[in-house]
Every structure is written in structure tokens, then in C-alpha cells.
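Working notes for the structure below.
Protein chains in written order, with the working numbering: chain H, 1 to 196; chain E, 197 to 301.
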């Protein structure tokens with residue numbers, strides 16, 4: 001059992017679960033458009049979960065759960081990318097032609113989505129041991145691009161429907177945790193400044 | 197470390213401040229009407245198709261008919277129609293308002 005949780009399999013399994021009803025619906029002939037929302041939402045959710053791990057690790061440094069999450073964080077990112085890729089492919093299928101896709105590419109609700117997707121791409125490609133070793137410090141620097149992708153995703157979500165509510169439900173907790181992280185990592189330095 | 201903090205601070209500030217300026221244009225709401233007064237989905241779709249629209253999906257949202265489809269100009273849109281008259285109230289392409297009937301907020 002222990003080795004099962006040590007391996008990435010349970011993680012992959014969990015992350016693949018939401019894709020099962022989506023795939024069934026697609027095979028069953030569902031409109032591509034009807035799957036845009038769930039694929040996009042899960043892409044954002046997995047990205048957010050990957051991002052909240054380190055603030056939670058700061059909050060609960062001894063928690064084995066968050067340690068386990070930390071070990072699997074890269075897989076979460078890859079899952080987010082897979083759902084985002086499905087989201088993009090379905091969007092292109094739904095639009096039907098390149099000229100249709102380009103025709104609305106400059107709308108605020110759309111280009112923000114493309115920006116997020118293009119940032120996700122190198123992050124996902126380098127999410128393997130070989131890249132981590134080869135890139136060294138630059139790996140982390142590159143992966144920090146996720147902050148820009150997160151802002152782009154938030155804007156995409158808000159503006160594509162001109163609706164703030166659902167996007168905020170997902171992003172406010174993340175923002176809160178990031179505030180905590182900044183506060184927490186700043187504090188020792190402030191103390192040093194005071195005593196120094 | 198400073199670099200990381202700077203980036204997260206920017207991301208964060210955008211996340212918090214931006215929504216305050218966006219303001220919820222939100223979804224449409226239509227005045228409630230008797231169920232017998234509603235224009236049927238088939239009738240509304242026929243009307244739209246005859247005007248050159250392509251209708252993909254329609255549903256009731258906020259007491260209006262909400263239609264997902266393509267305008268005669270070829271834009272993929274989400275559009276709202278009056279539940280009784282089928283009058284066009286609001287047309288949005290991926291969140292960008294293309295048409296808003298007079299008096300519609």
C-alpha cells in the first residue's frame with residue numbers, strides 16, 4: 001500500500017477521473033462546444049492546486065499530505081496542461097476553420113487564453129527528470145512562468161463570458177494563499193532588518 | 197528570492213485589483229412572463245434561421261432565451277432574446293458585446 005502511494009499511479013488515476021465522463025460524452029457524439037467548459041475548468045483547477053502546494057507547505061511544514069503533494073506537483077502541472085490542450089483542440093474543432101479561429105483571436109477573452117496555453121507548453125515539455133537535471137536553476141525560473149499563465153487564465157475565464165463570479169471562486173483562495181506566502185517569506189527578513 | 201517575490205506580488209496585485217474594475221456585467225435577466233406567453237424554441241430558431249443565423253444550442257437563462265450560435269455576419273456568439281417576442285436583446289462574442297438593445301443594461 002505504501003509503495004502504491006509512493007508511486008505516481010494514484011495521482012495519475014485521480015487526475016484522469018474527470019476526463020472519463022468527458023471522453024464518454026465526446027465518443028457519444030457530444031458537441032465539442034459543450035466540453036469546452038469542463039476541460040477549461042479542470043485545467044485551471046489543476047494549475048491552481050499545483051500552485052497552492054508551496055504556501056500550504058509553509059503553513060504545515062510537517063504535514064505528510066502536503067509533502068506527498070509536493071512530490072507529485074509536476075504531475076499536476078502536466079495534468080493541467082493535458083486538460084488545457086484538450087480545451088484548445090476542442091475549441092479549434094468547434095470553430096471549424098483557421099480563419100474563424102484567427103477572426104476572434106484578438107478578443108480579450110480569447111488572446112488571454114492563447115497566452116496561457118503558450119506559456120503552459122514549455123512548462124509541460126520540461127516537466128521531466130531529464131529537463132530538471134539539465135536546466136538546473138533555470139528550470140525553476142522557467143516554471144515560475146506559471147504565475148503569468150495564472151493571470152492570463154483568470155483574465156480568459158472572466159472575459160470570455162464577461163462573468164466574474166466563477167473565476168473568482170477559483171482564484172481568490174489562490175490569491176489569499178499567495179498573500180500568506182509573501183507575508184511569511186518576508187517576515188524573517190523584516191526581523192533581520194529591525195535587529196540588524 | 198527577491199525575483200520570485202516580485203513576480204508573485206505582481207500576479208497577486210493583478211488578481212486582486214483587476215476584478216474590482218471589471219464590474220459584473222454578468223448575465224441578462226428578462227422580466228418574468230406567463231409560461232403561455234413564451235415563444236417556443238422551434239419558433240425562435242425558425243425566426244433566427246430565416247434571418248441568417250446558425251443555432252447550435254438554446255436554453256433559458258435569467259428568464260430569457262439564450263442562444264449559442266453564429267450570427268449572419270459569421271461571428272460565434274452567445275445571444276439573448278426576449279422570451280415572448282423573440283426580440284434580440286444582447287449579443288456577445290466571447291464576452292465582447294456586439295449588440296445591446298435599447299434599455300437593456
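Every residue gets a Cβ at the ideal spot worked out from N, C-alpha and C, and that includes glycine.
Per DSSP, the bridge partner or partners of residue i
i, result
"residue 254/E", "263/E"
Cutoff 7 Å: residue i Cβ touching any chain H Cβ
i, result
"residue 290/E", "yes"
"residue 284/E", "no"
"residue 300/E", "no"
First and last residue of the uninterrupted beta strand (DSSP E) at residue i
i, result
"residue 274/E", "272-277"
"residue 287/E", "284-289"
"residue 293/E", "292-296"
Below-7 Å beta-carbon distance, residue i vs any chain E residue
i, result
"residue 41/H", "no"
"residue 53/H", "no"
"residue 160/H", "yes"
"residue 96/H", "no"
"residue 110/H", "yes"
"residue 197/H", "Because chain H spans 1 through 196 in this model, residue 197/H falls outside it and cannot be assessed."
Residue span of the alpha helix (DSSP H) that contains residue i, given as start and end
i, result
"residue 30/H", "Premise fails: residue 30/H is in no alpha helix (DSSP H) and is neither H nor E."
"residue 241/E", "237-246"
"residue 96/H", "No alpha helix (DSSP H) contains residue 96/H, which DSSP labels as neither H nor E."
"residue 9/H", "9-16"
"residue 143/H", "137-143"
"residue 123/H", "108-125"
"residue 67/H", "64-71"
"residue 157/H", "146-161"
CB of residue i within 7 Å of CB of residue j, strictly
i, j, result
"residue 149/H", "residue 112/H", "no"
"residue 42/H", "residue 18/H", "yes"
"residue 86/H", "residue 39/H", "yes"
"residue 55/H", "residue 180/H", "yes"
Legend entry - Short-range partners of chain H found in the stretch 250-270 of chain E, where Cβ spacing is below 8 Å: For the stretch 250-270 of chain E, which is checked against every Cβ of chain H, the residues closer than 8 Å are 252, 253, 264, 270.
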